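All remarks here apply to the structure that follows.
Numbering (my numbering), first residue to last: 2 to 440.
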């Protein structure tokens, strides 16, 4: 499988950037991190858990091999054997040549954590890989487009450079479309202070999957939700999670939090965007060293609550085709939401078939970890999606549902690449399609 480096940045480090990289590693060496770096026995179990390795057979995709890029530098600086007998310890200095050799291994990873749950001793290879990316970013060696998307988010509020004006144009379009179904008095509230909830979509949904945003807004209306959107913070995407830029990740999350506080909401509803949900709900309190002043929920979690509370009435007969479900890694394995999407599908579709394996053992779609924003690895990404394609084909389903726009984009490309005759839908689209008139 190719591991092209056409868009790689391999500029040489200065003494200052080298010192900065070491300083970052010093800060990242928590007790769990040191444990993960020390205890790997290289048993190889993680290799069978990785979709990239299963498809390619290339050792560069074995999770422990990827983690060893950082592990051998750690040994050189922090262990007695690595300092005095580096050739015996397999230790390496942190140099330009060493770090340039990391790039293909470290960035060709979806950070899905399937290797983690299969590791006999629980080593979190994704945490090690994310730390290696932090060092590569600090050294100026991150993939060009992934770095660009993070800069865009800081400069314009959106990795796809969606401006507030473009966002408001889309909202006006959504409003007109929904008025045809919900009545001329339907309006989408913007910048309304004191609302119960702030709904934050993702730019990928706004520009590529607008129907999902409209479905979500219809569900808000049908459930009688007290909500608003913001013309200031209208894109919940946080690509700094992927490129390793800790300061940018913290800054993007801080801006989202500040806007929620300005509007005085009690809850932030994250759209169908797996990494954004994980970043704001689980990571942001760690980045900011304090709990959030509001609740963060995934939209699927919220709609499930409304269904259980009787605020939505659904007719599964409205979705007759056979449906299967892909668990997004950041919502499922990394977020714990397994039952909610399945119960929503159970109430929304007539025929549901599980993939095998599923839930925490689900195969990654292949597009996470920033892979969609690294065109130099497109061939690797699509080849690795063969594991998911095989799962889907085995179900015989005609509709593939998921709860993440990033997954939805990748799964559409997967279906085309592997010749699957399926339609990819979001959970919210299927639920909205099942709404009854008296909902």
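C-beta: ideal position from N, C-alpha, C; glycine also.
In this text, all values refer to a predicted model and were calculated from it rather than measured experimentally.
Quick check on residue i: buried or exposed, where buried means 16 or more other Cβ atoms within 10 Å of its Cβ?
i: residue 273; result: buried
i: residue 47; result: buried
i: residue 173; result: exposed
i: residue 335; result: buried
i: residue 132; result: buried
i: residue 485; result: Coverage of the chain is limited to positions 2 through 440, which leaves residue 485 absent and any answer about it impossible.
i: residue 423; result: buried
i: residue 417; result: exposed
i: residue 111; result: buried
i: residue 236; result: buried
Give me the Cβ distance between residue i and residue j, rounded to the nearest whole Å; I'm assuming they're in contact under 8 Å.
i: residue 77; j: residue 94; result: 6 Å
i: residue 83; j: residue 90; result: 4 Å
i: residue 116; j: residue 41; result: With a Cβ gap of about 11 Å, residue 116 and residue 41 do not count as contacting.
i: residue 431; j: residue 398; result: Going by Cβ atoms, the distance from residue 431 to residue 398 rounds to 12 Å, so no, they are not a contact pair.
i: residue 197; j: residue 266; result: 7 Å
i: residue 13; j: residue 148; result: The Cβ separation is near 17 Å, so there is no contact.
i: residue 21; j: residue 139; result: 5 Å
CB-CB under 8 Å to residue i, same chain, minus the five flanking residues each way: which ones, in chain order?
i: residue 61; result: 4, 67, 105, 106 and 109
i: residue 231; result: 191, 192, 199, 201, 260 and 264
i: residue 338; result: 299, 301, 302, 332 and 404
i: residue 155; result: 249, 252 and 253
i: residue 27; result: none
i: residue 129; result: 34, 37, 38, 67, 68, 71 and 72
For a test of your reading of the model: does the CB of residue i fall under 7 Å from any non-hydrogen atom of the ligand MN? Yes or no.
i: residue 150; result: The ligand content of the structure shown is nil, which means the ligand MN is not present either.
Could you work out which residue in the options is closest to residue i when comparing CA atoms only?
i: residue 373; options: 159, 144 and 258; result: 144
i: residue 240; options: 152, 183 and 194; result: 152
i: residue 314; options: 96, 147, 161 and 220; result: 220
i: residue 280; options: 291, 303, 386 and 254; result: 254
i: residue 434; options: 364, 361, 251 and 215; result: 215
i: residue 206; options: 180, 168, 188 and 196; result: 168
i: residue 387; options: 30, 228 and 421; result: 421
i: residue 103; options: 354, 350, 141 and 121; result: 141
i: residue 127; options: 370, 416, 290 and 347; result: 370
i: residue 425; options: 380, 322, 362 and 332; result: 322
i: residue 16; options: 245, 381 and 96; result: 96
i: residue 134; options: 328, 340 and 25; result: 25
i: residue 34; options: 166, 251, 75 and 23; result: 75
If I measure Cβ to Cβ from residue i and keep anything under 7 Å in the same chain, skipping five residues before and after, which residues do I get?
i: residue 344; result: 305
i: residue 316; result: 435 and 437
i: residue 293; result: 258, 285 and 286
i: residue 189; result: 172, 175, 176, 218 and 230
i: residue 146; result: 8, 374, 375 and 376
Grab me the residues of residue i's own chain with a C-beta within less than 6 Å of its C-beta, minus the 5 sequence neighbours each way, in chain order.
i: residue 7; result: In this prediction, residue 7 scores a pLDDT of 43, lower than 50, which makes its location untrustworthy; the coordinate-derived value is nonetheless stated afterwards. The residues are 377.
i: residue 1; result: Beyond the ends of the chain as shown, which are 2 and 440, falls residue 1; an answer cannot be given.
i: residue 43; result: 65
i: residue 2; result: Reliability of the predicted coordinates at residue 2 is poor, the pLDDT of 37 falling under 50, and no value is obtained from them.
i: residue 330; result: 113, 365 and 369
**Report entry** 3 or more residues per run - each beta strand (DSSP E) lying fully within the stretch 173 to 235
**Finding:** Here the runs fully enclosed are 198 to 201.
Query raised in the report: Which runs of the alpha helix (DSSP H), 4 residues or longer, sit entirely within the stretch 56 to 80?
Result: As summarised for the stretch 56 to 80, the continuous alpha helix (DSSP H) elements at least 4 residues long and confined to that stretch are 64 to 79, given in chain order.
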